[in-house]
Amino acid sequence: MAANDNRDLPSLTAEVATFITSARFEDMPEELVSLGKKHILDGLGLAIAGAAVRSGKIVQAHLHDLACGNGPATVIGTDQKVAPRFAAFANGVAIHAEDYDDTQLAVAKDRVYGLLTHPTAPALPAALAIAECDGRDGKALMTAYHVGVEVECKIAEAINPRHYQEGFHATATCGTFAAAAAAAHLRGFDLDQTRRALSMAGSQSSGLRENFGTMTKPFHAGRASESGIVAADFSARDWTAADTILEAPRGFFRAAGGGYDDTAIRGHLGAPWTFLS
20 MAANDNRDLP
30 SLTAEVATFI
40 TSARFEDMPE
50 ELVSLGKKHI
60 LDGLGLAIAG
70 AAVRSGKIVQ
80 AHLHDLACGN
90 GPATVIGTDQ
100 KVAPRFAAFA
110 NGVAIHAEDY
120 DDTQLAVAKD
130 RVYGLLTHPT
140 APALPAALAI
150 AECDGRDGKA
160 LMTAYHVGVE
170 VECKIAEAIN
180 PRHYQEGFHA
190 TATCGTFAAA
200 AAAAHLRGFD
210 LDQTRRALSM
220 AGSQSSGLRE
230 NFGTMTKPFH
240 AGRASESGIV
250 AADFSARDWT
260 AADTILEAPR
270 GFFRAAGGGY
280 DDTAIRGHLG
290 APWTFLS
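With positions in the sequence shown counted from 1, the corresponding number in the working numbering is that position plus 19.
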């Protein structure tokens, strides 16, 4: 797959940032909102179940040992209240703990198993944690959730199949961008803040398929969700980062996959929404 080198177009990262900052609940199709309710409810149920299994209990004990209590964000299925980043981590692990969460089907025919990511596990916990912390309403939460999922899914479609074939876990890598996108949208970031949050997400994105079948697989989803919030937190404090983290020669697509197809993203963020395609 080759990138589109049309110099007249805005940078790919800028196009993603523009989508994140401009998305509005009022512009979302009714069917998309209805599907979002179902996927969020599914994610919440999985988080409750995941909080009760061994990996969930280990995470809760870890947060207790870190003295993370007395924060504004809920660890679902428990009475723990922690900082948003830690709630996102715990809830992301819990949603993906049993591997029953929603799955993105690939459009391209050259993808392993025909699958790409588990979109809700990284996106929803970040959106929930920030929304709860900042007192945002359901419409804001729904919009941020869909923004995060859409960014994650379109990035997963765009990156070269080598990304997954050579061992990267796309839920972890692409999911970090999802969480950063959801957090940036909820916090009303401008384009520059959003680009920087995406850039820091790119430098944190990680997760290897060798750990499939172990507790570290759901750890990937939790860490992706947490890392997106960390990226947004630092961006809000004017932390500097590169402008073109997705498409740059040493950026995410080339470093993690050897290339990408920008037509999966350009003009297609929310057009159509992945959930509706």
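Glycine included, every Cβ here is placed at the ideal spot set by N, Cα and C. As the structure is a prediction and not an experimental result, all values here were calculated from the model.
- In the three-state reduction of the DSSP assignment, K128 falls in the coil class, being assigned neither a helical nor a strand state.
- Residue pairing of L217 in beta bridges, as defined by DSSP: absent, with no partner found.
- Counted as a single uninterrupted DSSP element, the alpha helix (DSSP H) harbouring Y164 occupies residues 157-177.
- In the structure shown, A140 falls within a helical segment according to DSSP collapsed to helix, strand and coil.
- Taking the Cα of F208 as reference, the smallest distance to any Cα among A255, V249, R242 is reached at A255.
- By the Cβ rule, the region 202-220 counts as touching the region 255-273, because three or more pairs are nearer than 8 Å.
- Comparing alpha carbon positions, the residue from G226, A142, A146 closest to L205 is A146.
- Restricting attention to S225, D156, A102, the CA atom closest to the CA of H188 is found in S225.
- Proximity of the region 123-140 to the region 173-193 meets the contact definition, three or more beta-carbon pairs being nearer than 8 Å.
- Of C152, G167, G278, the smallest CA-CA separation from Y183 is found for G278.
- By DSSP's assignment, L134 forms a beta bridge with L124.
- In this structure, F38 lies away from L210, with their beta-carbon atoms at least 7 Å apart.
- Three or more pairs of CB atoms, one per stretch, sit closer than 8 Å, so the region 62-81 contacts the region 105-122.
- DSSP places L85 outside both helix and strand once states are collapsed to three, so it counts as coil.
- Out of D129, L160, R155, A240, the CA that lies nearest to the CA of D280 is found in D129.
- By the Cβ-count criterion, A86 is exposed, with fewer than 16 other Cβ atoms from all chains shown falling within 10 Å of its own Cβ.
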